[in-house]
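Protein chains in written order, with this note's numbering: chain C, 202 to 542; chain B, 8 to 420.
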């Protein structure tokens with residue numbers, strides 16, 4: 202074990218951590234709940250995609266569906282307004298079972314997808330996501346069809362009402378932080394290193410005696426855990442779930458978030474998510490404010506993403522990296538300071 | 008990350024600054040401005056805009072500031088939009104939403120935000136005001152079942168169609184709208200031999216058309232928008248020639264003004280809803296005229312759809328009561344809500360009052376589709392039924408016994 206030396210933690214962590222913890226003091230409930238709460242949750246789902254894509258080389262579009270399965274199961278096993286279907290289990294039973302079911306679903310999807318490469322992985326996972334969307338929309342016995350479930354409320358537990366915006370913000374922040382550090386840790390663990398080896402050269406890893414398929418499926422299981430936790434938080438945040446939340450649009454949104462943020466580091470998806478949420482929420486106002494017709498707000502969102510991806514194929518993280526290289530004028534190979542000019 | 012936070016805070020400050028005008032009233036407008044129902048949402052926005060222009064964007068001596076929220080017909084999108092309008096923009100009144108499931112989501116949200124008054128746009132799910140209604144949610148349009156009132160009797164008695172098969176969309180509005188028709192039709196003595204429920208957004212109706220029975224007098228079609236047009240096209244190609252009965256959104260302006268010949272199959276089709284083009288009421292004809300004058304022909308339907316009328320009425324109800332109370336929203340909107348609850352709205356499509364659940368009681372129209380001189384399709388009024396309430400004239404306990412609208416409610420085969 203390494204000894205925990207506080208000085209080794211980069212200063213950026215202190216600044217961002219302190220800012221995030223102090224957010225409730227400086228921002229409104231709306232910013233906490235609907236902007237940061239939503240962004241942290243979407244960030245977690247995108248993080249699960251980033252883990253598979255960035256470390257495993259597998260771009261999976263099924264992550265939103267895994268989150269949706271967890272959300273649906275929370276509604277079906279726990280409490281909702283649709284009491285003809287909801288079983289009304291207490292939260293400490295309903296939530297773990299929901300997460301478990303979502304992990305099984307994610308693992309099985311992974312098992313189907315891992316034998317394919319590149320664009321075929323995308324196609325298979327997209328097919329699973331679409332199939333589940335149509336199934337949920339047309340099944341009335343379990344999934345309540347088009348309307349889905351409403352009034353799925355975060356529980357009151359440990360003396361805290363988790364529906365409260367500040368409490369919910371800390372809840373989302375806690376799990377997002379946990380997921381972030383878990384991904385960081387796993388990426389440096391033997392398993393994570395083997396996964397990155399498989400990403401770069403599966404044949405050689407197989408020749409070295411690694412079970413490529415098992416590693417990939419295990420990666421799906423781990424990613425599903427993150428997505429499932431985020432899925433439970435998501436239904437608590439919107440207090441409802443319907444097929445609209447897991448259709449192809451949201452599945453692609455998750456990919457956009459991960460790509461815009463950057464796939465090279467776990468912080469990327471969270472940066473992507475906050476940009477996505479801010480654009481979704483304020484694009485219409487921004488257009489109206491400058492005197493343009495509000496109904497074209499989708500265009501603004503699209504252009505925003507286009508600009509980022511155009512200037513940097515590696516998302517915001519890539520932009521940041523380039524800006525720092527230029528500002529510091531360090532040589533990318535040796536790390537030495539360059540002369541000005 | 009840090010810079011992003013700064014941007015967020017800065018953006019927040021800008022929006023907070025716009026809230027500083029104390030002597031204006033903020034109205035949040037919500038409609039489906041993205042997704043499948045965009046065309047419908049845009050027509051709702053036209054109705055809202057007409058009401059605002061007529062009022063000169065002032066009510067009760069105060070300026071009206073409108074903030075738009077876009078949704079895509081899913082309850083999640085409605086919740087996100089309303090949260091932003093209420094919690095970030097701090098609007099006083101919401102006018103919206105458009106679609107059924109959104110209305111139910113807003114009813115639940117309304118209970119957590121007692122300081123806001125919601126005047127429903129045009130969403131028509133029965134549950135919204137019938138089950139556990141919110142005290143600050145007012146609905147000046149009738150629900151889907153009320154829009155079906157009178158059609159069943161007309162079809163059975165006047166048309167003499169004794170057996171019917173139904174094809175309708177498999178979601179809450181489809182059930183609710185069908186219930187209004189089926190209740191009247193079954194009570195009149197008709198038989199509904201088959202019910203085929205199709206998912207919203209169905210493109211290929213071949214299997215449905217193949218399984219339609221031949222031995223019925225007419226087909227009830229409860230489809231909307233693109234689904235309706237697709238069905239009519241494929242039904243004609245398959246050589247179908249049964250008499251048709253239209254659900255409310257089957258013969259809406261969005262279908263009647265669609266391109267192609269499929270809609271011609273609808274000529275002569277009886278249907279029902281909260282308005283009929285040819286009603287010779289001066290106020291109604293005046294509303295059609297102001298709709299046509301307000302927007303250039305390529306940016307509107309030939310005549311206002313029920314969405315435009317619904318949003319026009321909702322906005323007018325809010326503006327009327329703001330005028331009557333002098334814009335007094337103190338004490339939790341006490342005077343304003345009292346005014347809304349007792350308002351007799353002199354709407355273009357007939358007088359509207361509210362019941363104890365703040366749900367509209369109004370007039371319903373039975374009409375038939377006809378071809379106008381200019382080739383456009385319109386709706387010709389057959390009868391007008393006044394004072395249609397949410398329980399369709401039944402005793403409330405008896406109506407509740409029927410159960411909430413679903414696939415099998417009101418049987419008569």
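Virtual Cβ for every residue (Gly too), placed ideally from N, Cα, C.
From residue i to residue j, what distance separates their C-alpha atoms?
i                      : j                      : result
residue 225 of chain B : residue 238 of chain B : 16 Å
residue 74 of chain B  : residue 93 of chain B  : 10 Å
residue 155 of chain B : residue 373 of chain B : 9 Å
residue 489 of chain C : residue 105 of chain B : 22 Å
residue 392 of chain C : residue 427 of chain C : 17 Å
residue 528 of chain C : residue 214 of chain C : 21 Å
residue 257 of chain C : residue 281 of chain B : 57 Å
residue 111 of chain B : residue 82 of chain B  : 8 Å
residue 296 of chain B : residue 414 of chain B : 40 Å
residue 480 of chain C : residue 61 of chain B  : 33 Å
residue 330 of chain B : residue 126 of chain B : 16 Å
residue 233 of chain C : residue 224 of chain C : 7 Å
residue 326 of chain B : residue 393 of chain B : 25 Å
Quick check on DSSP: helix, strand or coil for residue i?
i                      : result
residue 524 of chain C : helix
residue 363 of chain B : coil
residue 146 of chain B : strand
residue 353 of chain B : strand
residue 226 of chain B : strand
residue 515 of chain C : coil
residue 278 of chain B : strand
residue 62 of chain B  : coil
residue 236 of chain C : helix
residue 432 of chain C : helix
residue 291 of chain C : coil
residue 194 of chain B : helix
residue 2 of chain B   : Limits of chain B in this structure are 8 at one end and 420 at the other, which puts residue 2 of chain B out of reach.
residue 322 of chain C : helix
residue 286 of chain C : coil
residue 231 of chain B : coil
residue 420 of chain C : helix
residue 508 of chain C : helix
residue 37 of chain B  : strand
residue 159 of chain B : helix
residue 246 of chain B : coil
residue 401 of chain C : helix
residue 168 of chain B : coil
Taking the Cβ atom as the reference point for each residue, do residue i and residue j lie within a distance shorter than 9 Å?
i                      : j                      : result
residue 161 of chain B : residue 279 of chain B : yes
residue 335 of chain B : residue 310 of chain B : no
residue 355 of chain B : residue 308 of chain B : no
residue 270 of chain B : residue 158 of chain B : no
residue 230 of chain C : residue 367 of chain C : yes
residue 78 of chain B  : residue 87 of chain B  : yes
residue 509 of chain C : residue 437 of chain C : no
residue 145 of chain B : residue 273 of chain B : no
residue 310 of chain C : residue 390 of chain C : no
residue 251 of chain C : residue 413 of chain C : no
residue 477 of chain C : residue 487 of chain C : no
residue 80 of chain B  : residue 43 of chain B  : yes
residue 387 of chain B : residue 377 of chain B : yes
residue 178 of chain B : residue 107 of chain B : yes
residue 259 of chain B : residue 312 of chain B : yes
Please classify residue i: is it buried, with 16 or more other beta-carbons within 10 angstroms of its beta-carbon, or exposed?
i                      : result
residue 52 of chain B  : buried
residue 153 of chain B : buried
residue 407 of chain B : exposed
residue 335 of chain C : exposed
residue 340 of chain C : exposed
residue 185 of chain B : buried
residue 420 of chain B : exposed
residue 400 of chain B : exposed
residue 136 of chain B : buried
residue 293 of chain C : exposed
residue 503 of chain C : exposed
Would you call the stretch 417-428 of chain C in contact with the stretch 279-297 of chain C, where contact means no fewer than 3 C-beta pairs closer than 8 Å? no
How about the stretch 295-302 of chain C and the stretch 265-282 of chain C: do they share at least three Cβ pairs that are nearer than 8 Å? Because the criterion of three Cβ pairs below 8 Å is met, the stretch 295-302 of chain C and the stretch 265-282 of chain C touch.
Mind the definition here: the stretch 117-124 of chain B touches the stretch 229-246 of chain B only if three or more C-beta pairs lie below 8 Å; say whether that holds. no
When you compare the stretch 212-225 of chain B with the stretch 165-176 of chain B, are there three or more beta-carbon pairs, one atom per stretch, that lie closer than 8 Å? yes
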